[in-house]
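Residue numbers (this note's numbering): 208 to 377. Idealized CB from N, CA, C, for every residue including glycine. Scroll down for the structure; my scribbles are underneath it.
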Amino acid sequence: MANLIIYYSRKGQNYWNGSIKDLKKGNTEIVAEFIQKAVGGDLFEVETVKPYSQDYYECIDEAQKELRAGARPELKRYPENLEGYDIIFVGYPNWWGTMPMAMFTLLEKYDLSGKKIVPFCTNEGSGMGSSERDLKKICVGAEVAKGLAIHGAESAQSEKQVAEWAKRNI
Numbered sequence: 208m209a210n211l212i213i214y215y216s217r218k219g220q221n222y223w224n225g226s227i228k229d230l231k232k233g234n235t236e237i238v239a240e241f242i243q244k245a246v247g248g249d250l251f252e253v254e255t256v257k258p259y260s261q262d263y264y265e266c267i268d269e270a271q272k273e274l275r276a277g278a279r280p281e282l283k284r285y286p287e288n289l290e291g292y293d294i295i296f297v298g299y300p301n302w303w304g305t306m307p308m309a310m311f312t313l314l315e316k317y318d319l320s321g322k323k324i325v326p327f328c329t330n331e332g333s334g335m336g337s338s339e340r341d342l343k344k345i346c347v348g349a350e351v352a353k354g355l356a357i358h359g360a361e362s363a364q365s366e367k368q369v370a371e372w373a374k375r376n377i
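Pasting the structure below:
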């Protein structure tokens with residue numbers, strides 16, 4: 208059985224050690240690629256139909272409104288089938304204490320019974336927030352492993368830590 212690494216990541220303006228930095232590649236995408244390198248598997252990037260604002264502060268306002276409304280943003284595409292995957296790594300930035308609402312949109316579409324969900328997030332100090340608890344609510348029948356929180360500004364230097372964690376979870 209193969210691993211699947213599903214992730215949402217933000218390129219462009221990001222909060223980075225107290226200031227805004229323009230990123231060519233999102234922090235969560237970097238970590239997702241480290242997982243793939245360490246344990247193999249297929250990568251799937253979650254993308255919303257309606258893009259978030261390029262401006263970081265406008266984006267976090269949009270994200271907060273979605274969270275408060277319990278929104279389920281429309282996605283550009285979905286994985287065709289999860290049948291061949293026992294382990295699904297789920298990665299995201301911590302937005303307002305949990306996953307971006309797009310991750311809820313994706314995960315609620317599937318019956319994840321019998322799967323192992325392995326969460327990871329990037330953040331600037333808020334850790335996993337309530338995302339592990341939220342995953343347990345929406346991934347009914349799945350085993351949700353203890354997640355890994357990576358400080359976003361250190362994501363590019365996290366390969367060893369990420370690889371060791373990923374290998375422990377397969």
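In the DSSP output, what is residue i paired with across the bridge?
i	result
Ala239	According to DSSP, which records beta bridges pairwise, Ala239 is partnered with nothing at all.
Ala363	DSSP output for Ala363 lists no bridge partner at all.
Gln261	Answer is none; Gln261 lacks a bridge partner.
Could you give the DSSP three-state label for residue i: helix, strand or coil?
i	result
Ala352	coil
Ala278	coil
Glu371	helix
Asp318	coil
Asn376	coil
Lys231	coil
Lys283	coil
Ser338	helix
Lys244	helix
Cys346	coil
Glu218	First, the residue type needs correcting, since residue 218 is Lys and not Glu in the sequence shown. In the structure shown, Lys218 sits in coil (DSSP, three-state: anything other than H, G, I, E or B).
Glu290	coil
How big is the Cα-Cα spacing for residue i and residue j?
i	j	result
Lys272	Trp302	11 Å
Gln261	Glu287	29 Å
Ser226	Lys244	30 Å
Gly336	Tyr299	12 Å
Thr312	Arg279	5 Å
Tyr215	Lys228	18 Å
Pro326	Tyr317	16 Å
Glu281	Gly219	21 Å
Leu342	Tyr222	25 Å
Phe296	Ile213	6 Å
Glu254	Pro307	11 Å
Glu339	Cys328	10 Å
Arg217	Lys344	25 Å
Kindly give me the distance between the Cβ atoms of residue i and residue j, rounded to whole angstroms, as I take these residues to be in contact under 8 Å.
i	j	result
Cys346	Ile377	About 18 Å separates the two Cβ atoms, so there is no contact after all.
Glu331	Ala360	7 Å
Leu211	Tyr292	4 Å
Gly304	Ser333	6 Å
Leu319	Ala349	4 Å
Inset, instruction - May I ask you to verify whether the stretch 219 to 239 touches the stretch 248 to 261, counting CB pairs closer than 8 Å and requiring at least 3? - result: The stretch 219 to 239 is in contact with the stretch 248 to 261.
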